[in-house]
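Going by the numbering used here, the first residue of the sequence shown is number -4, and it counts up by one from there.
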Amino acid sequence: MGAVPFLGVADAARWIARRGPAPLLAALGDRLERDLARWPSFELRPRLASHTKEGVVELMPTRDADRFAFKYVNGHPGNPALGLQTVAAFGVLADVRTGYPLLVAEMTLLTALRTAATSALAARLLARADASSMALVGTGAQAEFQALALRDALGVERVRAWDVDPAALAKFGAHARALGLDVVLASDVEDAVRSADVVTTCTADKRRAVVLPDELVVAGVHLNAIGGDCPGKTELDARTVARARVFVEHEPQTRVEGEIQQLEPDFPVTELWQVVTGRAPARTSDADVTLWDSVGFAVEDLTVLRLAYDEVVGTDLVVPLDLVAEPGDPKDLFGLVAGAAGVRPSRPVAAAAGR
């Protein structure tokens, strides 16, 4: 049978721990920047989403000339109350030439990696050159990844953090200190973002929320808004979005799912690949409010799957998954069934057909 390498959750965690979360995030950020530089070479399309009142289930496909990838991912904000993850995901990397899968992988951890690496890249490109402080609003599943990636991208050691859930805030503080970060656990959102040059909002409620009031967004700040990722789910005041220079992954998808869904459909935005390639400027002055309105895009998943493939296939971190049917004769698929039942054809198929 056709065995495909499978990277499960425990082995993905071992890969990250063995490689080191910070070096892995940096390597992923480099690959993301290279892929942004060749953005038009990818097949670009919004994801397919199925919405219910509880959450959303999405399929996110893309390809270039050589590799195809898709991710299955959900977003269910009520899951933690059931003891479940808000986001659970898996993905496939495949060969465009044959269509055969090359890697099947868990993508809950991999999504946290690629989201953090993309946030850090955006901040490095869009924040002021003298940015020296950061804040996190929301300290759930992705917070530690975000803090590590931003620390290394910006050279910022101190992070001020706040969450409405005291347990999530304490969890983040313990992990972040163990990772060597200088952490201030704030008393409220105003305390968290005070004097911050970069603010990341990462919350999960599926509603039109304002987790960062407009009056707290000062001139010169850079915002990474990564929690809004479907229609009716936002984190920022529409006034904040309207006065910011807004940067996105894929405009047609972000118009529906991002912070800019609150504004008119002709509100000007810039796709981040245009900044990477020099086709568009980042900030125009130190007074600009820049906003990375990120909803997550399939190219980022392809990038992290490729990195995983390059680093884990052929190691003890993958196991074979019996996924692809490969009969000895490609036209004799039923032979697998007959063989499993201990039945063999009594005469050649061609001879039988000729009678």
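Think of the CB as a built atom: it goes at the ideal place given N, C-alpha and C, for glycine as much as any other residue.
If you follow the alpha helix (DSSP H) that residue 200 is in, where does it begin and where does it stop? Counting along the chain, residue 200 falls outside any alpha helix (DSSP H), and DSSP gives it neither H nor E.
Closer than 7 Å by C-beta to residue -2: which residues in its own chain qualify, once you throw out the five before and the five after it? Chain order, please. Excluding positions up to five away in sequence, the list reads 315, 316, 317.
First and last residue of the uninterrupted alpha helix (DSSP H) at residue 166: It spans 161 to 173 - the alpha helix (DSSP H) in which residue 166 sits, taken as one unbroken run.
For residue 99 versus residue 91, is the C-beta spacing smaller than 7 Å? No Cβ-Cβ contact shorter than 7 Å links residue 99 with residue 91.
Determine the burial state of residue 319: buried for a count of at least 16 other Cβ atoms within 10 Å of its Cβ, exposed for fewer. Flag for residue 319 reads exposed.
Coarse secondary structure for residue -2, derived from DSSP in three states: In this structure, residue -2 counts as strand in the three-state DSSP scheme.
Is the CB-CB distance between residue 291 and residue 200 below 7 Å? In this structure, residue 200 does not lie closer than 7 Å to residue 291 by Cβ.
From the DSSP secondary-structure annotation, give me the bridge partner or partners of residue 68. DSSP output for residue 68 lists 53, 84 as bridge partner(s).
Tell me, please, which residues DSSP counts as bridged to residue 317. -2, per the DSSP bridge assignment.
So residue 229 and residue 132 are in contact, right, with Cβ under 8 Å, and what is the actual spacing, rounded? For residue 229 against residue 132, the beta-carbon gap comes to about 13 Å, at or over 8 Å, which does not count as contact.
One question on the structure: do residue 246 and residue 266 come within less than 7 Å of each other, judged by their Cβ atoms? Taking a C-beta distance under 7 Å as the contact criterion, residue 246 and residue 266 qualify as a contact pair.
Stretch-stretch touch, CB-based, cutoff 8 Å, three pairs: the stretch 291 to 304 with the stretch 103 to 114: A contact between stretches requires three or more CB pairs, one per stretch, nearer than 8 Å, and the stretch 291 to 304 meets this requirement with the stretch 103 to 114.
Leaving aside the five residues before and after residue 4 along the sequence, list all residues of the same chain whose C-beta is less than 6 Å from its C-beta, in chain order. Within the same chain, residue 4 has close Cβ partners 101.
Look at the Cβ atom of residue 285, then the Cβ atom of residue 121, and state whether they are nearer than 7 Å. Yes, the Cβ-Cβ distance between residue 285 and residue 121 is below 7 Å.
Report the CB separation of residue 174 from residue 143 in whole angstroms; it is logged as a contact under 8 Å. A Cβ-Cβ distance of about 6 Å is found for the pair residue 174 and residue 143, placing them in contact under the 8 Å criterion.
Pairwise C-alpha distance: residue 327 and residue 336: When rounded, the distance between both Cα atoms is 15 Å.
Could you check the C-alpha separation between residue 48 and residue 323 for me, to the nearest Å? If you draw a straight line from the Cα of residue 48 to the Cα of residue 323, it comes to about 48 Å.
Note down, in chain order, each residue of its chain lying with its Cβ closer than 7 Å to the Cβ of residue 80, except the 5 sequence neighbours on either side. These residues qualify, in order along the chain: 74, 103, 136.
Between which two residues does the beta strand (DSSP E) harbouring residue 177 extend? Taken as a continuous stretch (DSSP letters only), the beta strand (DSSP E) holding residue 177 covers 177 to 180.
According to the Cβ coordinates, are residue 128 and residue 192 closer than 7 Å? Cβ distance < 7 Å, so residue 128 and residue 192 count as in contact.
Would you be able to state if there are at least three C-beta pairs under 8 Å between the stretch 56 to 74 and the stretch 267 to 280? Taking a contact to require three or more Cβ pairs closer than 8 Å, the stretch 267 to 280 and the stretch 56 to 74 do not qualify as touching.
Between 280, 94, 241, which has its C-alpha nearest residue 261's C-alpha? That would be 241, whose Cα lies nearest to the Cα of residue 261.
Under the rule that 16 or more other beta-carbon atoms within 10 Å means buried, what is residue 186, buried or exposed? By the 16-neighbour rule on beta-carbons within 10 angstroms, residue 186 is exposed.
For residue 208, the nearest candidate out of 157, 293, 114, 233 (CA to CA): If we check each option's Cα against that of residue 208, 233 comes out closest.
For residue 268, the nearest candidate out of 10, 16, 36, 0 (CA to CA): Across the set 10, 16, 36, 0, the C-alpha of 36 shows the shortest separation from the C-alpha of residue 268.
Here's the rule I'm using: 16 or more other beta-carbon atoms within 10 Å means buried, otherwise exposed. How should residue 2 be labelled? That one is buried.
Look up residue 332 in the DSSP assignment and say whether it is helix, strand or coil. Looking at residue 332 - three-state DSSP - the assignment turns out to be helix.
Would you mind working out which of 96, 51, 57 sits nearest residue 82, comparing C-alpha positions? Restricting attention to 96, 51, 57, the CA atom closest to the CA of residue 82 is found in 51.
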